[in-house]
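Residue numbers (the working numbering): 6 to 153. Here is the structure we will look at.
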Amino acid sequence: PVASTKFLGLILDQNLTFKQHADYAAAKGRFWINQTKRISKTVKGMQGVYSRHLYLTVCVPRMLYGASIWLNPIRRAPNTRARGSVAAAAALSRVQRTAALHITGGMRTSPTDLLNAHADLLPMELLIDKWCHREALRLASLPATHLL
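Right, here's the structure in full:
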């Protein structure tokens with residue numbers, strides 16, 4: 006038996022844990038961040054506004070493709086551990102931090118939440134919630150005659 010297979014752009018493993026796909030999505034995000042980094046230097050290059058737009062229109066859709074299938078939104082109850090795809094969200098958050106550093110031109114020691122605020126980016130947990138909610142709305146608003 007094969008450990009995993011790729012179907013419609015998603016890497017499915019035998020236990021449906023999607024750990025390999027989460028690593029794959031983070032690697033795709035890092036690849037596209039490095040590509041945009043090449044044209045958005047701090048001294049000469051694309052401005053931060055355009056880098057942000059490029060990140061939100063190219064990198065995020067490629068990272069979060071099929072997010073409602075392979076990501077569980079993170080839920081936190083008082084005095085308990087977070088539930089959901091915490092490790093995958095942390096990996097994607099590291100990718101977003103790199104993007105925020107390039108957008109703002111900040112230093113590596115800057116706090117992530119401050120970088121997200123200055124780059125006008127949602128925290129990754131909220132971005133995942135937004136994408137999953139958007140996909141659910143898209144499915145719920147299909148006409149009754151649609152095949153799905």
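All residues carry an ideal CB built from backbone N, CA and C; glycine is no exception. Owing to the predicted nature of the structure, the values given are computational and were not obtained by experimental measurement.
Per DSSP, K11 lies in no alpha helix (DSSP H) segment; the continuous beta strand (DSSP E) that holds it begins and ends at 9-12. Taking the Cα positions, S146 is about 15 Å away from W136. For L152 and G53, the gap between their C-alpha atoms comes out near 42 Å.
Going by C-alpha positions, L119 is about 20 Å away from K42. S45 sits in a strand when the DSSP states are folded into three classes. The count of Cβ pairs closer than 8 Å, one atom from the segment 77-87 and one from the segment 52-69, stays below three, leaving the stretches out of contact. Put simply, the backbone Cα of L106 is about 9 Å away from that of N121. The continuous stretches of alpha helix (DSSP H) do not include I79, and DSSP gives it neither H nor E. Where L153 is concerned, there is no enclosing alpha helix (DSSP H), because DSSP gives it neither an H nor an E.
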